[in-house]
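Chemist: Protein chains in written order, with the numbering used here: chain G, 238 to 327; chain A, -19 to 457.
Glycine included, C-beta positions come from ideal geometry on N, C-alpha and C.
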Amino acid sequence: MAKLARLDLGEEKLEAVTKDFDSILPYVERIQAIDTSGVEPFAMPSKARGWRQDRAMEVDDYTRELILSNFPERSGDLLAAPGVFETPKK
Amino acid sequence: MLLNELTIAEARRLLDSGEITARALTQACLDQIRSLDGALHAFLEVYEEDALQEADRSDARRQAGQMAGVLDGIPLAIKDNMLSQGKACTSGSKILQGHVSAYDSTVVAKLKAAGAVILGRTNMDEFAMGSSTERSAYGPTRHPRDPERVPGGSSGGSAVAVAANMCLGALGSDTGGSIRQPAAFCGVVGLKPTYGRVSRYGLMAMASSLDQIGPMTKTAEDAAMILHVIQGQDANDQTTGEVELFNPKWTESLKGVRIGLPKQAWGMDGVQEAVRDATLDAVNQLKNKGAEIVEIDLPYADEALAVYYVLMPCEVSANLSRFDGMRYGLRQQAPSLFETYAASRAQGLGDEVMRRILLGTFALSSGYIDAYYVQAKKVQTLIRRGYEEAFKSVDLIVTPTAPTTAFKLGEKTNDPLAMYLEDIFTVSINVAGLPAVSVPCDNNGGMPVGLQIIGPWFDEKSVLNAARHYELAAQKI
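#1: Determine the chain A residues that contact Glu249/G at a beta-carbon separation under 9 Å, and present them in chain order.
#2: On the DSSP letters alone, give me the boundaries of the beta strand (DSSP E) that Thr102/A sits inside.
#3: Per DSSP, which residues does Gly194/A bridge with? Please list them.
#4: Can you check DSSP and say which residues form a bridge with Thr341/A?
#5: Apart from the five residues on each side of it in sequence, which residues of its chain come closer than 6 Å, Cβ to Cβ, to Asn424/A?
#6: What would DSSP say about Gln313/A, mapped onto helix, strand or coil?
#7: Identify the contact partners of Leu316/G in chain A, using a Cβ-Cβ distance below 9 Å as the criterion.
#8: Within the same chain, show all residues whose beta-carbon is closer than 6 Å to that of Ala271/A, passing over the 5 residues directly before and after it, in chain order.
#9: Can you list the residues of chain G that Val287/A reaches, using a CB-CB cut of under 7 Å?
#10: So, is the C-beta of Gly281/G closer than 9 Å to a C-beta in chain A?
#11: Measure from the alpha carbon of Ser112/A to the alpha carbon of each residue in Ala200/A, Arg129/A, Asp39/A, Ala286/A, then state which is nearest.
#12: Checking the sheet assignment: what are the DSSP bridge partners for Val274/A?
#13: Tell me the rounded alpha-carbon separation between Pro436/A and Gln244/A.
#14: Can you list, in chain order, the residues of its chain with a C-beta nearer than 7 Å to that of Ser158/A? Leave out the 5 residues immediately preceding and following it.
#15: Specify, as a first and last residue, the run of the beta strand (DSSP E) that Val429/A falls within.
#16: Would you say Asp291/G lies against chain A (beta-carbon separation less than 9 Å)?
#17: Consult DSSP for Ser85/A and reduce its assignment to one of helix, strand or coil.
#18: Out of Gly430/A, Gly110/A, Val296/A, Asp11/A, which one is the CA nearest neighbour of Met399/A?
#19: Name, please, each residue of chain A whose Cβ falls closer than 8 Å to the Cβ of Met238/G.
#20: Roughly how far, in whole angstroms, is the beta-carbon of Gly(-2)/A from the beta-carbon of Gly49/A, given that I think they are within contact range, below 8 Å?
#21: Which residue marks the beginning of the beta strand (DSSP E) containing Thr379/A, and which one marks its end?
#22: Check this for me: beta carbons of Leu414/A and Leu171/A, under 9 Å apart or not?
#23: Using a Cβ cut-off of 9 Å (strictly closer), state whether Gln313/A contacts chain G.
#24: Under the assumption that Ile193/A contacts Met62/A (Cβ atoms under 8 Å), give the Cβ distance between them as a whole number of angstroms.
#25: Do Arg41/A and Lys67/A have their C-beta atoms closer together than 9 Å?
#26: Restricting to runs no shorter than 4 residues, where is the alpha helix (DSSP H) found entirely within the segment 7 to 46 of chain A?
#27: What is the DSSP secondary structure of Ala94/A, counted as helix, strand or coil?
#28: Please list, in chain order, the residues of the segment 251 to 266 of chain G that have any C-beta partner in chain A closer than 9 Å.
#29: Please classify Met146/A: does DSSP put it in a helix, a strand, or coil?
#30: Short of 8 Å Cβ to Cβ, which residues in the segment 348 to 370 of chain A face chain G?
#31: Is the CB of Gly313/G under 9 Å away from at least one CB in chain A?
#32: Using only alpha-carbon positions, find the residue among Ser188/A, Ile433/A, Gly305/A that is nearest to Asp375/A.
#33: Please state whether the Cβ-Cβ distance between Pro380/A and Arg256/A is less than 9 Å.
#34: Using the beta-carbon of each residue, which ones in chain G are nearer than 7 Å to Thr320/A?
Below you can see the structure in the form of structure tokens.
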């Protein structure tokens, strides 16, 4: 689960969370005892009034600078990130 | 009376008549923050200079005979999960330390357009997950009546800012009770509007189908004033309703109003005696104002907490996947991309957040999704039907807001389930999407207690009207 959730927990935390699940899961599992035959999963009535166009927006310089200044690592105006296919050097 | 002790309605009258200035009002709030907040820690950041500038602009508008809106010159505080362009915003988390908002949330844009003075951002449980504000990565907020006690959460900072007269009103957000429960603990009014009443654009999402932004104020009338400004359909949030706008309607009495007391709530064990006594007394006051009180049956209300603790973590696990150390916030560099994600998140996210992400990841995983997530969605349908049925025979439903009064710091942090049970009366309201307010009860000078008044979808006016009648009956206003 931790891997799926991209969380590197470490031994101690992993143990603590497993213990928490021992008390939380039995509580939420009570919903399995409820008879839901013929009941639809709740879905909000769709209010979508058609799909929005996927288009690039112009933003003012101030907004643009705020977005860029939030990048943890920057290369000019580009976001610097580790390569997807990079394998760690052993 | 000190200016920061005024209600919004009173301040509005005095500003418009020229008896006070927005600058003096704002200064009084800033002075109160300076004198109390070192100990209480309601605010994560105070915008002293900006606030005074906004106040001066408000005064200039009034001098020129203009007015921006009903909140013009009113000093308010905003929870740290609503974006305000150019201001830091962290959702109470270290993973967003240093993050600066690139745009205004719709609610903040509306408050600014209405001329409100934004005093600062308030403390909260990390990513709105918690019922005590102890889970803030920046330290807890303390109860103004007893600093060894919690203010409730997750909107604890906003609740304390209002209760301690550091502002005239504040915005909070509520996914499972995070406006109503701290309002109850701190003795202020807290309204969670109907899902879809207020835009969530620019609110850092926790559970997108449950979150709502709402006002925390000293009176029901003040809450109505703020709701009136922040509401509305928004093209940027397609979950906002195409519904008639909220307009307050204050009646002469509650004659003709039928109020239902769900036997599941009132018959429960585990409700503190002080809470039971104060809320039963409040119900009597409503009766004295002409309301008819009846017992009702809310089947499946008992299952709402379990449903909430499946649905909410599922949405949380999806919503928080964006915090990966890439485009903003903390990045913990590691040899590979995957490890960078995992290390950044483990470093920047607190225990409660990680717990909920894991719970959600589990409940959505193949092999478990039908038994957990899908089943919870089906029970959600049953819970909503229960409320639909109930509202055929009553106009409003009333319960205590929380089973206890404010507990001591550290009392519940080691037992997640005990903390979750604090929300037992509030979560079903989010699951159903209904509007509900917590109004402070008369409680003989003990720790504050809240009464929760729940209304049918989009009927905030009846909810707030009943709250105001209670305030009049209990002579709080």
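Modeler: Walking through what the data contain:
#1: Those do not exist, as Glu249/G stays about 11 Å from chain A at its closest Cβ, beyond 9 Å.
#2: 97 to 102
#3: Gly152/A
#4: Note: Thr341/A sits in no beta bridge, so no partner.
#5: none
#6: coil
#7: Met306, Arg307
#8: Leu234, Val237, Ile239
#9: Ile268
#10: It is worth fixing the name first, because residue 281/G is Met in this sequence and not Gly. It does; some Cβ of chain A falls within 9 Å.
#11: Arg129/A
#12: Gly240/A
#13: 19 Å
#14: Ala108, Gly133, Ser134, Ser135, Gly152
#15: Looking at the DSSP string, Val429/A is not in any beta strand (DSSP E), and its letter there is neither H nor E.
#16: no
#17: coil
#18: Gly110/A
#19: Leu338, Thr341, Phe342, Ser345
#20: In fact, because the Cβ distance is near 18 Å, the residues do not count as touching under 8 Å.
#21: 376 to 380
#22: no
#23: yes
#24: 7 Å
#25: no
#26: 28 to 43
#27: coil
#28: Ala253, Val254, Asp257, Phe258, Ser260, Ile261, Leu262, Tyr264, Val265, Glu266
#29: coil
#30: Ala351, Tyr352, Val354, Gln355, Ala356, Lys357, Lys358, Val359, Gln360, Thr361, Leu362, Arg364
#31: no
#32: Ile433/A
#33: yes
#34: Pro319
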